[in-house]
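Taking it in order: structure first as C-alpha cells, then the write-up.
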Amino acid sequence: MSKFKKKKSGDLPAVNTASLPDIVFMLLFFFMVATVMRQNTLMIENKLPFADQVEKLDRKELVMYIYAGKPSPRYQQKFGSEARIQLNDKFADVKDIQQFIYAERETKREELIPYLSTALKVDVETNMGLVSDIKQELRKAEALKINYTTRIGEVAKN
Amino acid sequence: MAKRSAPEVNAGSMADIAFLLLIFFLVTTTIETDRGISRKLPPIQDENVEPPVIKQKNIFTVIVNRNNDLLVEDQVMQLSELRQAAKDFLDNGAGQGEEACSYCKGAKDPASSDNPTKAIISLVNDRQTEYRTYISVQNELVAAYNELRNREAQRLFGMDYTEMEAKYNDPNFTGNKDKLEEQIDQVKNMYPQKLSEAEPKN
C-alpha cells in the first residue's frame with residue numbers, strides 16, 4: 016500500500032520547462048520564414064483601400080513600388096499635409112518618377128524587364144489628381160503594367 | 642591521464658537567446674500586402690491619330706465627381722448598384738445579324754450595347770475624387786466582367802474563370818497549360834475588358 020502514499024507531500028511539483036526552448040524555436044522559425052523585411056521606411060500615411068477582385072502579385076523582385084499619401088505626422092511640419100509621392104526612402108516629385116523607373120530597370124536583368132510591373136500603394140484619402148499624374152508619368156516611361164495594391168474586403172468598407 | 646568526458650555545455654540561457662531573436666522578428670515582420678487590382682495602362686498615342694467612331698449606345702459612361710458621387714449613363718447611382726448596371730449593359734446583346742450575341746442573357750434593349758465585344762465602359766474622374774472611391778468603382782467594374790466570364794466559363798468548361806486564371810498562374814499546376822490558356826482566351830474574348838479612362842477634368 017505504500018505505493019500510493021508516496022505523493023502525499025504538500026508541495027506542488029514545478030512545471031517542467033525543458034521543452035520551452037523548442038516551442039520558442041518553432042515560433043522563431045515560423046516568423047523567420049514568414050518575414051519579408053520592409054524595403055522602404057514609410058514616411059507617409061498608407062491606409063490601403065479594400066477590394067475583392069484582386070490578383071496576387073508573385074515574384075516580388077519584379078515589382079517596383081510607388082507610395083503616395085499624406086506625410087506622416089512627424090514629417091508634416093517640414094513637408095506639409097498635402098499628399099505626396101514617396102520613392103524608395105524619400106519624398107519625390109511627379110517628374111522624378113520616370114527617372115526612378117529607368118533606374119529600377121537598370122538593376123534588373125535584361126530578359127526580366129518585360130515582366131516588371133509597378134505597384135501603386137496609395138492612401139485612401141489621396142485625390143485622384145495625384146494618382147492620374149503618376150499614371151501619366153508611368154505611361155511616358157512605358158511602364159504600363161500596374162497594380163493598385165489593396166486590402167481584401169468588401170468595397171462597402173471603404 | 643584517464644579519458645575524461647567533456648563537460649556539458651550549459652544550455653539554460655538558450656531560451657533567452659531564442660526569445661530575443663523571436664521578439665526581433667516579431668517586431669520587424671510586416672506580412673506584406675501584395676494583392677491588388679491589376680490594370681494595364683494604354684500606351685501614349687500620337688495626337689494626330691483620329692479616334693475611331695463608336696456608337697453612343699455602345700458606351701457606358703461612369704462619371705465620378707469631386708464629392709465622390711456617381712453619375713452612370715446620366716443618372717445618379719449608388720455604388721452598390723453599379724455592378725448590376727454594368728453587367729446589364731455588357732450582357733445586353735441587342736445586335737442583329739452579324740453583331741448578334743448568341744450567349745448573352747441580357748434584356749436585348751435596343752438602346753443599350755450591341756455585343757459584349759463592342760461594349761466599352763468609359764470612366765471619368767475628377768481630380769478631387771478620393772482614391773477610395775476610384776478603387777471601389779474599379780473593383781465593381783472588374784467584378785462585373787469577372788461575373789460574366791465566370792458564368793460563361795461555368796457553362797463551357799464547368800469551372801469559374803477566376804479559378805482557371807488562378808490555376809494558370811500557379812507554378813505548381815500539373816495539368817495541360819496550353820489547353821487551359823486556350824480556354825481562358827476563349828472566355829476572355831467573349832467578354833473582353835474594354836475599360837477606358839479619360840484623363841480627369843479639373
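Residue numbers (my numbering), protein chains in the order written: chain A, 16 to 173; chain B, 642 to 843.
Don't be surprised by glycine CBs; every beta carbon is placed ideally from N, CA and C.
Looking at C-beta atoms only, is the number of pairs between the region 655-667 of chain B and the region 140-160 of chain A that lie closer than 8 Å three or more? Too few Cβ pairs lie closer than 8 Å, so no.
Under a CB-based cut-off of 8 Å, is Ala49(A) close to chain B? Yes - at least one Cβ of chain B is within 8 Å of the one on Ala49(A).
I want to know whether the region 56-67 of chain A touches the region 127-147 of chain A - three or more CB-CB distances under 8 Å. Yes: the two stretches touch, three or more of their Cβ pairs being nearer than 8 Å.
Is Thr164(A) helix, strand or coil when you go by DSSP? Strand.
Between which two residues does the alpha helix (DSSP H) containing Ala860(B) stretch? Here chain B has residues from 642 to 843 only, and residue 860(B) is not among them.
Could you work out which residues of chain B lie near Phe46(A), taking near to mean beta carbons separated by less than 7 Å? Ordered by position in chain B, the residues that pass the 7 Å Cβ test against Phe46(A) are Leu663, Phe666, Leu667 and Thr670.
Same chain only: Cβ atoms within 7 Å of Phe730(B), ignoring 5 sequence neighbours per side: Residues of the same chain with a CB within less than 7 Å of the CB of Phe730(B), apart from the 5 flanking positions on each side, are Phe701, Ser753, Ser754 and Ala760 in chain order.
Chain A partners of Lys681(B), CB-CB under 8 Å? Chain A residues near Lys681(B): Leu159, Lys160 and Ile161.
Taking Pro841(B) as the reference, which of Tyr802(B), Thr774(B), Val713(B) and Thr770(B) has the closest Cα? Nearest C-alpha to Pro841(B): Thr770(B).
To test your reading of the DSSP string, which unbroken beta strand (DSSP E) runs of 3 or more residues are found completely within the region 712-765 of chain B? You should have 716-718 and 761-765.
Any C-beta of chain B sitting closer than 8 Å to the C-beta of Pro86(A)? No, no contact with chain B.
Give me the subset of the region 764-780 of chain B whose CB atoms are less than 8 Å from a CB atom of chain A, sorted by chain position. Close to chain A, meaning a Cβ-Cβ distance shorter than 8 Å, are the following residues of the region 764-780 of chain B: Asn766, Asp767, Arg768, Gln769, Thr770, Glu771, Tyr772, Arg773, Thr774, Tyr775, Ile776, Ser777, Gln779 and Asn780.
Could you tell me whether the Cβ atoms of Ser132(A) and Leu43(A) are closer together than 8 Å? Result no, Cβ atoms of Ser132(A) and Leu43(A) do not sit closer than 8 Å.
Can you look up Gly144(A) in the DSSP assignment and give me helix, strand or coil? When DSSP states are grouped into helix, strand and coil, Gly144(A) belongs to the helix group.
Does Phe701(B) come out as helix, strand or coil in the three-state DSSP assignment? In this structure, Phe701(B) counts as strand in the three-state DSSP scheme.
Would you check if the region 793-800 of chain B and the region 690-698 of chain B touch, i.e. whether three or more CB-CB distances between them fall below 8 Å? Counting Cβ pairs under 8 Å, fewer than three are found: no touch.
At least one CB of chain B closer than 8 Å to the CB of Arg120(A): is that the case? No, Arg120(A) lies away from the interface with chain B (no Cβ there is under 8 Å from its Cβ).
Select from Ile678(B), Leu723(B), Gln725(B) and Glu822(B) the residue whose C-alpha is nearest the C-alpha of Asn162(A). When each option's Cα is compared against that of Asn162(A), the closest is Ile678(B).
Determine which residues of the region 793-806 of chain B have a Cβ less than 9 Å from any Cβ of chain A, and write them out in chain order. Residues Thr803 and Glu806.
Could you check if Gly95(A) is buried or exposed, using at least 16 other CB atoms within 10 Å of its CB as the buried criterion? With fewer than 16 Cβ atoms within 10 Å of its Cβ, Gly95(A) is classed as exposed.
With DSSP run on the structure shown, which of helix, strand or coil describes Val48(A)? Three-state result, Val48(A): helix.
Using the beta-carbon count (16 or more within 10 Å), is Asn787(B) buried or exposed? Buried: at least 16 other Cβ atoms inside 10 Å.
Between the C-alpha atoms of Ala748(B) and Pro812(B), what's the straight-line distance to the nearest angstrom? Straight across, the Cα-Cα distance linking Ala748(B) with Pro812(B) is about 41 Å.
Nearest-angstrom Cα distance between Glu740(B) and Pro757(B)? Near 10 Å, if we compare the C-alpha coordinates of Pro757(B) and Glu740(B).
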